[in-house]
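Have a look at this one:
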C-alpha cells in the first residue's frame, strides 16, 4: 500500500471548532501540503525555475543587462556551425566515458578490498573518502601544483628516478591535459563508487558464497555469478549519478586548464560559462548548457527502463 | 516540547509579521558598498578599508563597505549584480565593461568633467572604453598594464644589456637564453589577461587586425596576421617551454619567481611580489615596453574604473562619494598606496610622486601612449567581449605553436570572427 504524507498525519477533528491557524493546520490536506511545501518550493525555485528560464533564454538573443529578442532556434543553429562547440561535445564525451569507466573499475576494486577483514580497515575507509570530502576547488589547487611543470612532484619523481630524461607538460600538451583532467576526476570520484558499491556488497548474504564454494565455484565464478548480478542495480544507479556529475563537471576543468590548451579540455559547462558569463551572451550560453540535456535525458531514461526490466 | 504543528504555525506567523513590518526609509543612506576585484597590491585594498572609508564616515556619517572579489571573478559578480539589480551601489569595472553594462550604469559625465578640470584632464585613450554614446559610464583610476618582465642578470649573461627593441631581437635573445637553460614563458593558454596581454600587441605590431572599425569587415585573414602567426610559432619553438600552451594567469608568475623563465609579459605584480618575498630576484628583475613590430609598438588597455549601478537607491550620494574619492587629497594617497600598480589616466599624475620610489615601474606609465582596447580598431562592445571570451586570437596563435598550419589557424579564427560579428561566413 502506498503511504503518502496524508496517511501518516493525525486524523482531522470532525467536531466543529472555531477557525484558527492551529485548527486549519489540523486538517490533513492542509497539513500534508504545508509539510510538502518547503520541498516543492525549493525545487520550483532552484531547479524548475532556472531550468525553464534556461530554455527561455536559449531562444533569445539576450546580452547581459539588456533586454532579449526572440530568435527561435538561431542560437542552436549558430552552435551547430561552431567548430569549437563540436570539439567541446567530443571532449565532454571522451572525458565522461573514460572517467566513468575508470571510476567504475577502480571503485569496484576499492569496494572489494574494503569488504575484506584486515587491521586498520576503518582508518583505511576514512582515508579513502578524503578525495570526495575535500572541497573540489581545494583539491584541484593541490593538483595544479602536482601537475605544474616547475614544481610537479610527478615530473620530479620521474626525472630523479631515472625513468625519464625530460619532463612532461601535463597541462600544456593537448592529449596529456585531457589525460590529466580524467585522472583528477577519477581520483575525486572513486570513493563515491567505492563506498556505494561497498554498501551493496554488504547486503550480499555470505550464505550464497558458502553454497557456491561448496559446489566448487572458483573465486572468479563467484564474482561473476554472485557479486556482479546482485550488485548490478547499485552499479547502474551509481553509474547514472556519476555520468551526470562528470558530464556537467565544471570546477575541476575551470581551475586546472580553463578549457585550454586551444580548447582541448573545454567541456559543455566551461564553454557555457565562458559564453554566458565572460562574453555576456546569455542566450547562446544557455543554448550550450541545454545541449547537455538530450544525452543525459536519454541515458537516464535508458538506465531507468533497464532497471525496471530487471 | 514544540510539536511540528506549533513550530509551523509559529514560523508562518513570524514570517507574516516580518513581511508586514514597514521598512524604514531615510534621506541619506547610512551605508554604501563598493565592490572591487582584490588587488594584487594588498596595501591598496587596505588603504581603502582602514583609511579612506573611516575618513568618509567621519566626514559624512555614511559607512563605506569594501567588498573584495577574488581575482578573475569580478566580471561574474558584475553580471550577477546587473541581472538581479541588487548588490553594491558602486562597482569597479575593467577592460570594456562600461560598454557591456551600459544599461546598468549611471551617466557620470558631470563628475568626470569636474574631475578632469581639477586634475589636468583625462588621457584621451581611456575614453574609448568608458564613454558610451558620448556619456561617461565609469571613472577610471588607473591602467593595469601588461609589459615585458625580465631577468637583467640572465640577459647580461648572454650579452644583452638593454632590453631588445624589436620582436625579432627579442627572439634572438630568447634563443641564447633558452640554450643557457633560461627559456621565456609567455602565456598561450586560457587565462584571463596575460595571454591577450601580449598577443593583441603582437598582432597589431605586425599590422594584423581582428575586425575593421565598422564592426562588419573581418580583417584577420591577412598577410600581416600570417606574419604575426609565423613569428609567434618561431618565438614559441625557439624560446619557450611547451607548458605555456596550458598556462593560466598564475603560471607565469610562479615560473618567473621559481626562476624557471627569464622573460614574460605581465603586470608589475611579479616585481612587487619579488621585492616582498624574493628580494634577490627582485634586484635582478626589470620591466620594458613590448617590442616593436614592423608596424609599431602596442600594449593592451585595461582601465580600472568606478561606476554607479542604476539600481543604487541614492545616486547622488554615490556620485558625491566618487567626487570625494577622486579629489587629489584622497586619490593621490590611494595611488601611492597602490605602489604604482595602476597608471592613472589623469594628466596631473603624469609626473606624480607615486612614480618616484621605484623607477622600474615607469614603463607602465609610458605604455599608456601606445595602449589600445581589446579588438581595436573594431567596436569596443559585446562582440569584442565574445571574441575575448572564446579565446579566438589566443587559440589561433596557440594552435599554430602546437604545429597547425598558418593558413588553417587563420581560417578557423576568421570563421569564428565572422560568426561573432554576424558577417557572412
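Residue numbers (the working numbering), protein chains in the order written: chain L, 113 to 422; chain C, 4 to 428.
The C-beta atom is built at its ideal place from N, Cα and C for all residues, glycine as well.
In this text the structure is predicted, and so the values were computed from the model without any measurement.
Note down, in chain order, each residue of its chain lying with its Cβ closer than 7 Å to the Cβ of residue i, except the 5 sequence neighbours on either side.
| i | result |
| --- | --- |
| residue 258 of chain L | 264, 265 and 266 |
| residue 285 of chain C | 274, 277 and 278 |
| residue 195 of chain C | 75 and 252 |
| residue 198 of chain C | 190, 191, 192 and 397 |
| residue 92 of chain C | 35, 36, 311, 312, 315 and 321 |
Counting only C-beta atoms, is residue i closer than 9 Å to chain L at any point?
| i | result |
| --- | --- |
| residue 254 of chain C | yes |
| residue 415 of chain C | yes |
| residue 355 of chain C | no |
| residue 401 of chain C | yes |
| residue 139 of chain C | no |
| residue 7 of chain C | In this predicted model, residue 7 of chain C has a pLDDT of only 49, less than 50, meaning its place in the structure is not dependable enough to derive any value. |
| residue 391 of chain C | yes |
| residue 79 of chain C | yes |
| residue 334 of chain C | no |
| residue 191 of chain C | yes |
| residue 244 of chain C | yes |
| residue 388 of chain C | yes |
| residue 418 of chain C | yes |
| residue 82 of chain C | yes |
| residue 428 of chain C | Interpretation of residue 428 of chain C is limited by its pLDDT of 45, a score under 50 that renders its predicted location unreliable; the figure taken from the coordinates is listed afterwards. Answer yes: the Cβ-Cβ gap between residue 428 of chain C and chain L drops below 9 Å somewhere. |
| residue 385 of chain C | yes |
| residue 257 of chain C | yes |
Given this structure, state the Cα-to-Cα distance separating residue i from residue j, to the nearest angstrom.
| i | j | result |
| --- | --- | --- |
| residue 143 of chain L | residue 137 of chain L | 5 Å |
| residue 274 of chain L | residue 311 of chain L | 42 Å |
| residue 187 of chain C | residue 244 of chain C | 7 Å |
| residue 28 of chain C | residue 349 of chain L | Because the pLDDT of residue 28 of chain C is 47, which lies under 50, any placement of that residue in the model is unreliable, and the number read from its coordinates should be weighed accordingly. Their Cα atoms are separated by approximately 54 Å. |
| residue 212 of chain C | residue 418 of chain C | 15 Å |
| residue 387 of chain C | residue 306 of chain C | 16 Å |
| residue 240 of chain C | residue 403 of chain C | 10 Å |
| residue 164 of chain C | residue 368 of chain C | 22 Å |
| residue 417 of chain L | residue 358 of chain L | 22 Å |
| residue 400 of chain L | residue 290 of chain C | 41 Å |
| residue 62 of chain C | residue 87 of chain C | 32 Å |
| residue 313 of chain C | residue 37 of chain C | 14 Å |
| residue 243 of chain L | residue 298 of chain L | 10 Å |
| residue 98 of chain C | residue 377 of chain C | 8 Å |
| residue 177 of chain L | residue 165 of chain L | 16 Å |
For chain C, check one thing: does any of its Cβ atoms lie closer than 9 Å to the Cβ of residue i?
| i | result |
| --- | --- |
| residue 282 of chain L | yes |
| residue 297 of chain L | no |
| residue 276 of chain L | no |
| residue 403 of chain L | no |
| residue 260 of chain L | yes |
| residue 263 of chain L | yes |
| residue 352 of chain L | no |
| residue 326 of chain L | no |
With a threshold of 6 Å on Cβ separation, who are the neighbours of residue i within its own chain once the five nearest residues in sequence on each side are excluded?
| i | result |
| --- | --- |
| residue 118 of chain C | 329 |
| residue 288 of chain C | 274 and 277 |
| residue 250 of chain C | 190 and 192 |
| residue 174 of chain L | 180, 394 and 395 |
| residue 154 of chain C | 265 and 287 |
| residue 42 of chain C | 48 |
| residue 169 of chain C | 294 and 295 |
| residue 173 of chain C | 167 and 294 |
So is the beta-carbon of residue i under 8 Å away from any non-hydrogen atom of the ligand FAD?
| i | result |
| --- | --- |
| residue 423 of chain C | Here there are no bound small molecules, and the ligand FAD is not part of this structure. |
Are the C-beta atoms of residue i and some chain A residue less than 9 Å apart?
| i | result |
| --- | --- |
| residue 249 of chain C | You won't find chain A in this structure, because its protein chains are L and C. |
Got a sec? Which residues, its chain only, sit under 8 Å from residue i by beta carbon, not counting five neighbours each side?
| i | result |
| --- | --- |
| residue 350 of chain C | 122, 123, 124, 125 and 126 |
| residue 293 of chain L | 207, 364, 365, 368, 369 and 377 |
Legend entry - Short-range partners of chain L found in the stretch 101 to 112 of chain C, where Cβ spacing is below 7 Å: Residues are counted here when their Cβ sits less than 7 Å from a Cβ of chain L; for the stretch 101 to 112 of chain C these are 103, 104, 106 and 107, given in chain order.
Inset, instruction - Report the residue ranges of all alpha helix (DSSP H) runs contained in full by the stretch 182 to 244 of chain C; include only those spanning at least 4 residues, in chain order. - result: The stretch 182 to 244 of chain C contains these whole alpha helix (DSSP H) runs: 199 to 208 and 226 to 242.
Inset, instruction - Using a Cβ-Cβ cut-off of less than 9 Å, give me the residues of the stretch 193 to 211 of chain L that come near chain C, in sequence order. - result: Those residues of the stretch 193 to 211 of chain L that come within reach of chain C (Cβ to Cβ, closer than 9 Å) are 193, 194, 195 and 196.
Inset, instruction - Can you give me, in chain order, the residues of the stretch 378 to 396 of chain L that have a beta carbon less than 7 Å from any beta carbon in chain C? - result: Listed by position along the chain: 386, 387, 389, 390, 391, 392 and 393.
Inset, instruction - Please list the residues of the stretch 211 to 237 of chain L that have a C-beta atom closer than 9 Å to any C-beta atom in chain C, keeping them in chain order. - result: So the list is empty, because no residue satisfies the distance condition.
Legend entry - Proximal residues, the stretch 85 to 98 of chain C versus chain L, C-beta separation under 8 Å: Of all residues in the stretch 85 to 98 of chain C, only 85 and 86 place a beta-carbon less than 8 Å from a beta-carbon of chain L.
Legend entry - Contact list for the stretch 159 to 189 of chain L against chain C, Cβ threshold 7 Å: Residues 175, 176, 177 and 178.
Legend entry - Completely contained alpha helix (DSSP H) runs for the stretch 336 to 406 of chain C, where each covers 4 or more residues: Listed in chain order, they are 365 to 369, 385 to 392 and 395 to 405.
Inset, instruction - Check each residue of the stretch 357 to 375 of chain L: if its Cβ is closer than 7 Å to any Cβ of chain C, include it; give the result in chain order. - result: Legend: CB atoms of the stretch 357 to 375 of chain L lying less than 7 Å from CB atoms of chain C belong to residues 369, 370, 371, 372, 373, 374 and 375.
Legend entry - Length at least 4, wholly inside the stretch 216 to 248 of chain L: the alpha helix (DSSP H) runs in chain order: Annotation: the stretch 216 to 248 of chain L contains the following complete segments of the alpha helix (DSSP H) (minimum length 4 residues), in chain order: 233 to 240 and 242 to 245.
Legend entry - Runs of alpha helix (DSSP H) wholly within the stretch 112 to 160 of chain C (minimum 4 residues, chain order): You should have 112 to 121, 130 to 133 and 155 to 160.
Legend entry - Inside the stretch 284 to 315 of chain L only - alpha helix (DSSP H) runs reaching at least 4 residues: Whole alpha helix (DSSP H) segments, 4+ residues: 286 to 313.
Inset, instruction - Using a Cβ-Cβ cut-off of less than 8 Å, give me the residues of the stretch 285 to 309 of chain L that come near chain C, in sequence order. - result: Only those residues of the stretch 285 to 309 of chain L whose C-beta falls short of 8 Å from the nearest C-beta of chain C are listed: 285, 286 and 289.
Inset, instruction - Note down, one range per segment and in chain order, each alpha helix (DSSP H) of at least 4 residues found wholly within the stretch 149 to 191 of chain L. - result: Entirely contained in the stretch 149 to 191 of chain L, the alpha helix (DSSP H) runs reaching 4 residues are, in chain order, 161 to 170.
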